[in-house]
Each structure stands twice: as structure tokens, then as C-alpha cells.
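According to the UniProt record's numbering, the stretch in the sequence shown is residues 1 to 781, in order. Even for Gly, the Cβ is constructed at its ideal location relative to N, Cα and C. What follows is a short report on a single structure.
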Amino acid sequence: MASASPSCIKPYGPQGLSDADRRSVETVAFDGAPLFVSWMDKGKGNTEPELIIIDAYHFHCLQKGKTKTNHLLDLVEVSSLVATAVRLTFRKFETSLFAEQEYVDELITIIRARVWALERGFPQTKGPRFEIHPATRSRNTTPSPPMQDPFSSYLSIYRALCSQMNISPSSTFCQRVTSMGQASCITDTSFELTIDDASGIYAESDSAELALSAIAALKYDGHFKTISIDGNQHKDVVSVLSQVVAHNQSIQTWKLRGITTTEGYQDFSTAITTNESTVTKQIDFETCHLKDKAANAMAECIATISNRLEVLRLSDCSLSSKGCLTIVKAISGGSNVFQKLKTLDLSNNSFNGAALTSLISWFTSGRAVSLSSLLLRNTGVDVQQLCQHLGSLPIEHLDVSRNKIDANAALVVSAMISSLSNLRVLELAACNLNKETVQYVLKGFYSMQDEFRINLDLSDNPFGSEGAEIICNEVGKLKCIHTLKLQHCSLKHKGMQIIFQNLQNMRHLKELDLSFNHKPSADTPQFVRVVIEALASPELSLESLILRGNEKTAIGKELASLFSCLTTSPLLSLDVSGNQMGERPGIAVAQSFVNNQSLTYVNLDGNNLGLDAWNALSNSLTVNVSLKDIPLPLEDIDRLLNEVKDKKERPIVRDRIQQVMDTIQNRLSLHRNESPESWRMPLTIRLIRHRKTVVTLTQDARSRKEGDSSPKKSSTPSPAASPQRMTSRGPSMMLQNIRNSVDGNTTREKSLNAPKSLVFSSSAPMLVHPNQGPPPVPPAF
């Protein structure tokens, strides 16, 4: 905070003010100690002077017991053309003050110092205009050298806005932002600010206004490149963001997740349209209630930035076929370019023939030269017609999951695959593929070069055991299939055994996902023996195996014997979450890690493990140094806390869980050659609720508990996410969120519906401090 106490200024104390003056000053609610307290005349025949007080954020005028207060952020102009007078113009208030020159000059100096303290680090802030004659009358308050830490300047403006809105800033949020500024290990140059339920913004209050001030502070910012807002329920959130859009010249990516309001999108569009200095390259809205009335506004918005837009995501935004048509027409319109558009995602919206025709016209126009990702999941699109026009495009990622593919369409898909030389990810989940049509699709990869690393998702297709045999035969001939996902494919024991028995013939396969296919029966022990034999084979090339389960597909206690073969297996990553092993088998599994030096990642959540099992795992980590990542067992923690019926016992159990999880994560951080406390920094703190995510605990946890073998929405992890990236580094933060729900009378049904998946990953920081030079100095006032 700037400070000034020259001898000419009456100090705030009994020796400088009368008792009546002091009582008047004490009635004012200050932000910090007063920086300026002095009597000044009003002029123009006014005999009654005003007591002027300036604190960290406010300008106060006291006269005859009345107080007039204005925020320094509302200051528009400071004008002093004669030495004994100054005029202050606020947005809704103007005052002229007269005093001796030393008082006027000091008042100007204090105001300039406070404005600079708020604005330093925000180079494009216009700020109030200073018209001082001569200019030497106010001291130069510009810091030298300029401020280098963007976090301090951002927090300064955030606190000022909270003050303006008469709310207390979130101390937790401020502490986390400050800790990021002090993190010398962070070198990422992409500044991202994430504001969601787990970022600390709601830690002290449920009021979404705390988040509004954090968003509004970006209006003055010139550092952040990405803003991500997740789950804010305030009706004005988009409108406030629009004010940021209208002024900001640094943010390139706007991400909104789970925004429930339908208002403000017209303002957002207008802001981008009218901001000639906008650098927007990505618009990423997911599970937002745009609806059709906002489609026209968004169409106008993207048309304005068509020459630089790279990513457009409007997934699950309640757009009807009419709304999708409006968006697609804006892209395919003759006057628009969109030659830089790399990603187009309209998944989970209604897509009719007219929209597809318009989209195809863009494909064939020669302007879709950069399109690498096309995501049309669950849109009702005609896959056959679509794929007939994709062969000449540089598509790397195609997702047409949950759209029907018949035999004719499968042949077209096969031909498309053979012509897409850049294809790396193909998602065909829940496309009603059978054993014949999946064979057509796989034959399309015959022309692929061997060094390609294809990620193929065939989940939620009812292949059965016969389909499994065909898949093994075809994949065995292909050297380009790197990842194969077969969740919910009704393989059962026979089909899964066929795949495991043929693993040695699929030597180029590195990642295999067979989750939710097992059907508990008397044959389960035999099935586990087949898996053990396959994983123990010296010819195994598989590096990652995912065998998640739920109540209907859990393997059970027999799963514990699987870990006995892993001491010699080349497997690096294993996810067996949701298989309900139980406490005693879990202890045996935890102890087996003493002899395992190959696995670097394991997920044991949802196996009904108690504190004894997790303690055993913690002890094993003192010997095992190969394990680097173990996701927080959110489902098991939830179960342990809900099993405690006595409210007085809950804090005790919670603290024991806290201690065990802290110990595990500290030991894992040492294995990663990180400082024991480094995981505590919120490199990313995200409460996953509305997205396909690397750690899918929203739908899958519900499936495991309710026994839903065919979820309405695919729980397939993002193709770009490998198990090695599924890392959890903050049990304290996670448990803090659990405290708020468990300490109350939270029912089990409510906990199932609540978002439960936390991701702590160094790949996408919440607030990232780059190694870059100091920001430019704002222009002189």
C-alpha cells in the first residue's frame, strides 16, 4: 500500500484534528489506514470546508456529518490548472477543492500513487486522465524498476473491485494466487486463470459475487492468455465477462463450463465485435445454456474474428438443429474465411441435414485447410454423408460417437480412413457397430504407415465374443493401432479371454481399455488366471491396462491375485478402480508393491479399501520408488466418511484420512523428484463436472454404485489423456471440499449427484507464472 505522511498534512491523530474531527473520521469504514486527511475548501462562496480522506481504494468527503464516498477505480479525471485548486471527476460525482498549494500537490501525489498501485502491471489500462500545470507539482510515483510480478498486480485490482462491491475478498484465493507467484519451478508461458468451485474463490462464502470480482479484474489485465470459468451460477457472469472482453487485449482463449444462465451472450458477441484490439483465437463453451436465441449472437461473433479463430467449441449447449444451422452457416458463408479454424466441436447438439449440407460446402470450398479436429458426438449427423467429404482434409481427430453407422456407412468410413494421412484419433463409441461392420472399419487402417500411433475408441458397441475374435485378428495385422478402447462392449468372460490370449500377437498395442465388460460368475477365477498368464508373458508389449468396474461388472476379491504377476510384467500403468476387492485383499495388494518396481501409475479407487489398506500402501512406498502417481481415492474416501454415523466421530476419521493421504502424496512427490510440499500448490484445481475428463468419476462413479452398464453419456476418457497424466496432488484441498458437504447432513443420494472428480495436474495450471520480463510501464498520466 502506498503511504504518505509529509509534515504539511495533518496526521490522523489527536494532535492534528479536533475531537469532533476525529469522531467524524472514525465513522468512516476504511480500507487500511488513511493515507490523506485534510480540510479543504469548496470555493464559490462556500464557507463550510470539507474533510477529505483517502484510503487504499476510496475518496471520502465529510461535511456536516454527511459522507460522500467514491471508489478510485471510478475516477475519470484529475485536473489542476492553478496551484491552489483541483477538480476531481468521478463517474457519478464531481468536486472542486481549494487549499494551499502544498495540500493540493500532496493530494494529487497521493491519488496518483494509489492509481498507479492499482494499475501497475496492467499496461493497457487507460486509467484516469491527469491534467496538472505545471507537471512538476506532483512527485513522480512510478516505481522503478517496473513491477515484474503479474500476480501482485492482479490481486491488487481484485481486492479493489471487492472493495467497490462491498464484499470481502477470498483470502484462500489470494493465498493461492500469491503462492503461484512465488513458485520458482513454474516456467509455463501460457497464462491461465481458472475460476471454479475448487479454486478457493468460494472458500469463505457461497456468494458467486466473489467470482465476479475475480473475473472483472481481468478487464485491467494484460498478462493472462486464457480465462476458464467453471460452474458459476450467477445470472450476471456472462455479462461481467463481456465487459472484460470489450476491453481486454491479451486473452486469446475464453472457456466457459456449466454456466446455467441464458443471458449475456449477446453482450459477449457485441464485445468481441466492437473490440478492434481483441486477440481472441479460441471460444470454448461446454454445457452452457446458449440455446437458439444466443446462436445468432455467436454466429455474428465468430464471423467477426473468422480470420484468426482457431478453436470453436459449443459442445452440449442446448442448440437445436436451427441453432446449429445458424452457427454452421456463419462458418460456411462466402464472405468469411475461417482458414485458421483447427477445431470444431458441436457435440451433443441437434444436427440436421441442412446443417450438414452447409458444413460440407465449407469442406469443399477449400477454406477448411487447417481443420484437424472435428467433433460431432451425439448430434444425429449422417455419418455416411459426412465421411464422403473428409478425405481431402487434414483431419487428425474425428469423433462421430453416438451416431448410427450401418454397413454402408462403415464401408465409407473405411474408405475415409485410408485417405486420411494425418488421422491419429478416431472415436466410434456407441455407433451400433457389430462384428461385420467393425471389420469393415478396421480394414481401412491397412494402408496406414506402421509408425502411426492411432488411438481407436470402439466402446459401447455390442460386439460380443465373436466381435472380440475379429478385432484380435484385424488388430494383430496392424502395426499402427497404439490405443484400443473397448468399454461396455458386452465381451463378458469369453470375449475378454480371447483378447488377453491374443495380446502377444498385438505387439504394437500399448494401451488397452476393457472396462465394464466383466460379468461376475463362477468363471471369474479362471478369467483372472488368463489375465495373469497374459500379463506375465515376456513377450507382452502392453504398457497400460484399464479394467474399471462397477457393481454389475466388478471382478471382486479375485482381482488381488493379479498383482502377484506384476513383479516381472513390463506393464507401467494399471487402472482397476471400481472392482470392489475389499479390505483384506486390498491390504495384500498394497503390500505387494514392495516387490513391484515396474508400475509407475496405479488406480485403486472404488475397491472398498479401508484405512488399514491405505496405510499398508503408504508403508510400501518407503520401499517402492517406481510408483509416481496414485489418484486420490475419492470414492473410497466418500464411503469411509459416510459410514461414520456419529457426527462427533467424523472429524476424527476425516483427520486420519487426511494424515494417510498426505503421507502417500508426500512420498509420491519424492518419487517424482519434487519437494514434499510441491503438490500442495494448485497448479490446476478443477472440479470436473461437465466435461469428458481424464479422471471420469462423475458418470463412472454413478455407474459403479447404481450398476448402470450402459451410461447415457460416454465416460470414455479424453483420447489425449494417458493414464500417466492422471495425477492427484492435493488431498488437503480435496478434503477441504469434502468437509463442507460431509459435516452437514449430506445424504448418500446427494453425494452421488455432487461433482466429485478433482484433477491436480501440472499440464494446465490454474495460474501460471512465466519467466518473462517486466510488463511495459503504463503511459504517463
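Assignment of Asp292 by DSSP, reduced to helix, strand and coil, places it in the helix class. Note on geometry: alpha-carbon atoms of Phe93 and Glu300 lie some 37 Å from one another. Taking Asn70 as reference, the option from Leu375, Phe90, Phe445 and Phe527 with the minimal CA-CA separation is Phe90.
In summary, Tyr446 is exposed, with fewer than 16 beta-carbon neighbours lying within 10 Å of its beta-carbon over all protein chains present. Following the DSSP letters along the chain, one finds Lys435 inside the alpha helix (DSSP H) bounded by residues Lys435 to Lys443. Inter-residue distance for Lys322 and Ser350 is about 8 Å (C-alpha atoms, whole angstroms). Selection Lys435, Gln339, Ser228 and Gly222 evaluated against Ser250 yields Gly222 as nearest (Cα-Cα).
Leu456 has its alpha-carbon roughly 18 Å from the corresponding atom of Asp406. With contacts defined as CB atoms closer than 8 Å, Lys510 and Leu535 fail to qualify as a contacting pair.
Here Asn70 carries a strand assignment [DSSP, helix/strand/coil]. Between Leu670 and Leu627, the C-beta gap is not smaller than 8 Å, which leaves the two residues out of contact. With contacts defined by Cβ atoms closer than 8 Å, Ile498 and Ser465 form a contacting pair. Comparing alpha-carbon positions, the option among Ala430, Gln526, Gln384 and Ser392 lying closest to Val413 turns out to be Gln384.
Sequence-distant Cβ neighbours of Asn615 in its own chain, meaning closer than 7 Å and more than five residues away, are Val660. Runs of the beta strand (DSSP E) lying entirely within the segment 364 to 412 and spanning at least 3 residues, in chain order: 373 to 375 and 397 to 399.
Taken through DSSP and simplified to helix, strand or coil, Lys492 comes out as helix.
Around the beta carbon of His58, 16 or more other beta carbons sit within 10 angstroms, so the residue counts as buried. Exclusion of the five residues before and after Val644 leaves Arg650 and Val653 as the residues of its chain whose Cβ lies within less than 6 Å of its Cβ. Of the residues assessed, His488 falls on the buried side of the cut-off, its CB having 16 or more other CB atoms within 10 angstroms. Contact check for Ile454 against Leu426 passes: the beta carbons are separated by less than 8 Å.
In this model, Gly264 and Asp316 are separated by some 18 Å (Cα to Cα). Comparing C-alpha distances from Ser242 to each of Asp267, Lys225 and Ser80 shows the shortest one belongs to Asp267.
The beta-carbon distance between Gly476 and Met506, rounded to whole angstroms, is 5 Å. This is short enough to meet the 8 Å contact definition. By the CB criterion at 8 Å, Lys519 and Lys492 fall inside the cutoff.
In the three-state scheme derived from DSSP, where H, G and I count as helix and E and B as strand, Arg453 is classed as coil. The C-beta separation of Asp460 from Ala410 comes to about 16 Å, leaving the pair out of contact by the 8 Å criterion. Taking each of Leu344, Ile110, Leu81 and Ser239 in turn and checking the Cα distance to Ser96, the smallest one comes out for Leu81. By the criterion of a C-beta distance shorter than 8 Å, Gly556 is surrounded in its chain by Pro520, Thr524, Asn579, Gln580, Met581 and Gly582, once the five residues flanking it on both sides are discounted.
The alpha-carbon separation between Val25 and Gln233 amounts to approximately 39 Å.
Nearest in C-alpha terms to Leu75, of all of Lys64, Glu276 and Arg87, is Arg87.
Between the C-alpha atoms of Val400 and Glu474 there is a straight-line separation of about 22 Å. As a beta-bridge residue in DSSP terms, Ser38 pairs with Ile52. Here Phe351 carries a coil assignment [DSSP, helix/strand/coil]. Counting the other CB atoms within 10 Å of its CB gives Lys68 a total below 16, which places it among the exposed residues. Each of Phe191, Arg159 and Arg176 was checked against the Cα of Leu212, and the nearest Cα belongs to Arg159. The C-alpha of Ser38 lies about 16 Å from the C-alpha of Lys66.
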